[in-house]
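Enquirer: Please read through the structure below; I'll follow up with questions.
Residue numbers (my numbering): 9 to 172.
Okay, structure coming up:
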């Protein structure tokens, strides 16, 4: 043999490529939001970020209809829509009952002699306390929606109106 022949080294043949199933299993995952293979925590964070404004609108009276129609696919927005809808119904019921009582008692309560003015002030104070409670619950719901949590409202949060 000559010197030129000894400089060449023999290398073993390369290993065959792995089967496609192995390649697919080791390949980096693409965005799989909403699929069975996705990370639920990451999907939840994405849902919160995308639907936070809708969840906050749910606590502003009749604006509860906006997330009910615009974000119905979001579990986060649906939770807050349910909480806001229950709160809105409670406010409407209390407002309606207050008006009925005002109509029934109106002639005798508000157009009464001076001795019953204390009852008028007590009625107005009671109404202010009840509505301050509703405002506090609305603010608490807004805070929950803004912070991205799914906490329930006290006293009203266990009722389910909007399907999950």
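Glycine included, C-beta positions come from ideal geometry on N, C-alpha and C.
#1: Residues in the same chain with beta-carbon distance under 8 Å from residue 64, minus the five sequence neighbours each way, listed in chain order, please.
#2: For residue 136, count the other beta carbons within 10 Å of its own beta carbon; 16 or more makes it buried, fewer makes it exposed. Which is it?
#3: May I ask you to report which of helix, strand or coil DSSP gives residue 91?
#4: Am I right that residue 160 and residue 91 are in contact with their C-beta atoms under 8 Å? What's the rounded C-beta distance?
#5: Verify whether the separation of the beta carbon atoms of residue 94 and residue 167 is less than 7 Å.
#6: Taking Cβ to Cβ, would you say residue 22 is nearer than 7 Å to residue 59?
#7: Please state if the CB of residue 99 and the CB of residue 133 are separated by a distance shorter than 7 Å.
#8: Starting from the Cα of residue 80, find the closest Cα among 70, 69, 71 and 62 and give me that residue.
#9: Looking only at its own chain, which residues have a Cβ that is under 7 Å from the Cβ of residue 138, when we skip the five neighbours before and after it?
#10: So for residue 161, helix, strand or coil by DSSP?
#11: Could you spell out the range, first to last residue, of the alpha helix (DSSP H) harbouring residue 78?
Expert: Quick answer:
#1: 88, 150, 153 and 154
#2: exposed
#3: helix
#4: 7 Å
#5: yes
#6: no
#7: no
#8: 62
#9: 102
#10: Secondary structure of residue 161 (DSSP, three-state): coil.
#11: 73-78
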